[in-house]
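Each residue of the sequence shown is one higher than the one before, counting from -2 in our numbering.
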Amino acid sequence: MKKKETEFLTEEEAEAMLRVPDRRTLQGKRDYAILLTMLTSGLRKAELCSLKVGSLGTYRNQAVIDIIGKGKRFRRIPLKAETLIAIQDYMKANGNGTSPDHAVINTLGKHGPYEERPLTPKAVDCLVKFVAKKALIQKRIHPHVMRHTFGTTLLDNGKDLRTVQALLGHAHIRTTETYLHSNDDRKVEAVRSLQFG
-2 MKKKETEFLT
8 EEEAEAMLRV
18 PDRRTLQGKR
28 DYAILLTMLT
38 SGLRKAELCS
48 LKVGSLGTYR
58 NQAVIDIIGK
68 GKRFRRIPLK
78 AETLIAIQDY
88 MKANGNGTSP
98 DHAVINTLGK
108 HGPYEERPLT
118 PKAVDCLVKF
128 VAKKALIQKR
138 IHPHVMRHTF
148 GTTLLDNGKD
158 LRTVQALLGH
168 AHIRTTETYL
178 HSNDDRKVEA
188 VRSLQFG
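Written out as structure tokens, the structure reads:
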């Protein structure tokens, strides 16, 4: 029985999703920060929802997120400058608390912009599906597709399997191997590169 390939976004689809949030609004800033963080860090939705202010930091002059992930395994994920700026922009606009145990991304509630309630996994599901629909993406998109996009894009760009495994927090390399995709164009290119004959 053939194993189903893992779904992921193309670069164009990811960019289309990032264009959907109106970053002039608080909700747009939040939604953009969520999407960009997922696409550039590979966080699971539960990890994103549990992200605390104290999880953001620097290590060797590099912005990082420190996560205790699945299986209670620690991992440190470097943050792109653009991602950190998006998170900070949202936090500033939202008036988030700066205590290390405050949630980075909160529910936007009825009682003013900032509520002490962190985002829920269900809210992340709804957001990703809503944005994918607005971006006119025909695939069935859910938060884990964002994580698959992160891993697949890194592997497609020549990053080694062990590094991607560490970034994703996979206990077993076999899990990371499911992120390897071989599309038809790459197959044709591989055969054309042969020097025989």
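We treat Cβ as the ideally placed atom computed from N, Cα and C, and that holds for glycine. If you're wondering where the values come from, they're calculated on a predicted model, not measured in any experiment.
Buried or exposed by the 16-neighbour rule on C-beta atoms within 10 Å, applied to residue i
i       : result
Leu76   : buried
Met(-2) : Bear in mind that a pLDDT of 49 at Met(-2), under 50, signals an unreliable position, so the number given afterwards is only what the model happens to contain. Answer is exposed; the Cβ neighbour count stays below 16.
Thr176  : It is Tyr, not Thr, that sits at residue 176 in the sequence shown. Burial call: buried.
Lys131  : exposed
Thr150  : buried
Asp98   : exposed
Ile198  : Since the first residue of the chain shown is -2 and the last is 194, residue 198 is not available in this structure.
Ile65   : exposed
Lys119  : exposed
Tyr56   : exposed
Residue i and residue j closer than 7 angstroms at C-beta
i      : j      : result
Val128 : Val17  : yes
Leu48  : Val121 : no
His145 : Phe5   : yes
Gly54  : Val61  : yes
Ala90  : Leu23  : yes
Assumed close pair residue i, residue j - CB separation to whole angstroms, cut-off 8 angstroms
i      : j      : result
Gly39  : Leu164 : 6 angstroms
Leu116 : Cys46  : 5 angstroms
Straight-line Cα distance separating residue j from residue i
i      : j      : result
Lys136 : Ala11  : 12 angstroms
Phe71  : Leu152 : 22 angstroms
Ile212 : Gly68  : The structure shown does not extend to residue 212, since the chain is modelled only from -2 through 194, so no value can be given for it.
Thr104 : Glu44  : 15 angstroms
Glu79  : Gln192 : 42 angstroms
Asp19  : Ser190 : 44 angstroms
Ser96  : Tyr87  : 16 angstroms
Leu133 : Lys156 : 30 angstroms
Leu15  : Arg41  : 18 angstroms
Thr37  : Val188 : 32 angstroms
Arg114 : Thr173 : 33 angstroms
Asn93  : Arg27  : 12 angstroms
Met35  : Met143 : 6 angstroms
Asn58  : Thr7   : 31 angstroms
Leu33  : Gly25  : 12 angstroms
Glu186 : Phe147 : 23 angstroms
Heavy atom of the ligand GDP within 6 angstroms of residue i beta-carbon
i     : result
Asn58 : By its list of ligands, the structure shown contains no ligand whatsoever, and the ligand GDP lies outside what it can speak to.
Can you confirm whether the stretch 52 to 72 touches the stretch 166 to 176 when touching is taken to mean that 3 or more C-beta pairs between the two stretches lie within less than 8 angstroms? yes
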